[in-house]
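Student: Structure provided below as structure tokens; questions to follow.
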Amino acid sequence: MYRQLPTLRSTLMVALLGVTTLAGCKQPPPNNDAAQAGKEAPAAAPGHLHADQAWTRAIPEGANVAGGFMTLRNESASDDRLVQVSSPLSDEVQIHETSMSDGMMRMRQLPEGIALPAGQVVELKPGGLHLMFMSPKHALSAGQEIEATLRFEHAPPQVVKFAVQAVAEMPPGKP
């Protein structure tokens, strides 16, 4: 019991500091001056960044790309950013955004990744933010799973399993 008191005391101090920070501070924008000056921003607490409902479409052998979709939840008190993705499926996984420009849908790579504001949910979905598995090494069939490792600016990496779905099995609203 004596050895556990410093750990309990430290845990309570960190929790109190977190509550105080939430109560009195406005979150800085993702590219704040402290980060640009080389100072580290507070790290998102492990376990407070979650990837849910990760899926991709079935693709034939020789397909040029495969899309990756999911919901990212940042339940920490600190902003973070998805900065890189890797997968055994592809030598390169890009982070993309689709948007309307001059009446045309355009897709562009986001080299700085995707901002994950504290306490927010960010959805990667067709027609919006998404991942692109470039030159997949093999076909994907409905019912399979593929893995990808998500790397964040502050939080530790996470391995996510993407369920492969047939186009006919897509949930409503997910073309």
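In mature numbering (1 follows the signal peptide of the UniProt record, and there is no 0), the protein residues as written are -23 to -1, 1 to 152. Even glycine gets a Cβ: it sits at the ideal position worked out from N, Cα and C.
1. List the whole-angstrom C-beta distance separating residue 49 from residue 93, where the pair is believed to meet the contact cut-off of C-beta under 8 Å.
2. Distance check for residue 74 and residue 139, CA to CA, integer angstroms please.
3. Who are the Cβ neighbours of residue 95 in its own chain at under 7 Å, not counting the five residues just before and after it?
4. Of the choices 58, 43, 79, whose alpha-carbon is the least far from that of residue 109?
5. So, are the CB atoms of residue 98 and residue 91 less than 9 Å apart?
6. Whole angstroms is fine: what's the gap from residue 22's alpha carbon to residue 127's?
7. Check this for me: beta carbons of residue 63 and residue 113, under 9 Å apart or not?
8. Cα-Cα, which of 46, 37, 83 is closest to residue 28?
9. Just how far apart, CA to CA, sit residue 71 and residue 88?
10. Exposed or buried, what is residue 141 when buried is set at 16 or more other beta-carbons lying within 10 Å of its beta-carbon?
11. From 111, 125, 82, 120, pick the residue whose C-alpha is nearest to that of residue 104; which is it?
12. Let me check understanding here. Comparing Cα to Cα, which of 131, 101, 132 lies closest to residue 32?
13. Identify every residue that forms a DSSP beta bridge with residue 98.
14. Between which two residues does the beta strand (DSSP E) carrying residue 69 extend?
15. Mind reading off the beta-carbon distance from residue 137 to residue 125? Whole number of angstroms is fine, and I expect it under 8 Å.
Tutor: Straight from the coordinates:
1. Counted from its first residue, the sequence shown places residue 49 at position 72. Counted from its first residue, the sequence shown places residue 93 at position 116. The beta carbons of residue 49 and residue 93 sit about 6 Å from each other, so the pair counts as a contact at 8 Å.
2. Residue mapping note: residue 139 aligns to position 162 of the sequence shown, counting from 1. Residue mapping note: residue 74 aligns to position 97 of the sequence shown, counting from 1. The C-alpha of residue 74 is placed about 19 Å away from the C-alpha of residue 139.
3. Start at 1 with the first residue of the sequence shown, and residue 95 comes out as number 118. Here the set comprises 4, 51, 53, 54, 55, 56.
4. Your numbering for residue 109 matches position 132 in the sequence shown. Selected option, being the one with the closest Cα: 43.
5. Counted from its first residue, the sequence shown places residue 98 at position 121. Counted from its first residue, the sequence shown places residue 91 at position 114. Not in contact: residue 98 and residue 91 (Cβ atoms no closer than 9 Å).
6. Counting from 1 along the sequence shown, the entry for residue 22 is found at position 45. Counting from 1 along the sequence shown, the entry for residue 127 is found at position 150. Note that residue 22 scores a pLDDT of 46, beneath 50, so its modelled location is shaky; the value from the coordinates is reported in the next line. Those two C-alpha atoms are separated by around 15 Å.
7. On the sequence shown, position 86 is the one that residue 63 refers to. On the sequence shown, position 136 is the one that residue 113 refers to. In this structure, residue 63 sits away from residue 113, with a CB-CB distance that is not shorter than 9 Å.
8. Locating residue 28 in the sequence shown gives position 51, where the first residue counts as 1. If we check each option's Cα against that of residue 28, 46 comes out closest.
9. Mapped onto the sequence shown, residue 71 falls at position 94. Mapped onto the sequence shown, residue 88 falls at position 111. Spanning the two alpha carbons is a distance of roughly 8 Å.
10. Your numbering for residue 141 matches position 164 in the sequence shown. Under this definition residue 141 is a buried residue.
11. Here residue 104 refers to the residue found at position 127 of the sequence shown. With distances taken between Cα atoms, residue 104 lies closest to 82.
12. Taking the first residue of the sequence shown as 1, we reach residue 32 at position 55. Residue 32 has its Cα closest to that of 101, out of 131, 101, 132.
13. Residue 98 sits at position 121 when you count from the first residue of the sequence shown. 50.
14. Position 92 of the sequence shown holds residue 69. Note, residue 69: beta strand (DSSP E), 67 to 78.
15. Position 160 of the sequence shown, counted from the start, is the residue given in the question as residue 137. Position 148 of the sequence shown, counted from the start, is the residue given in the question as residue 125. Rounded, the Cβ-Cβ distance is 6 Å, consistent with contact.
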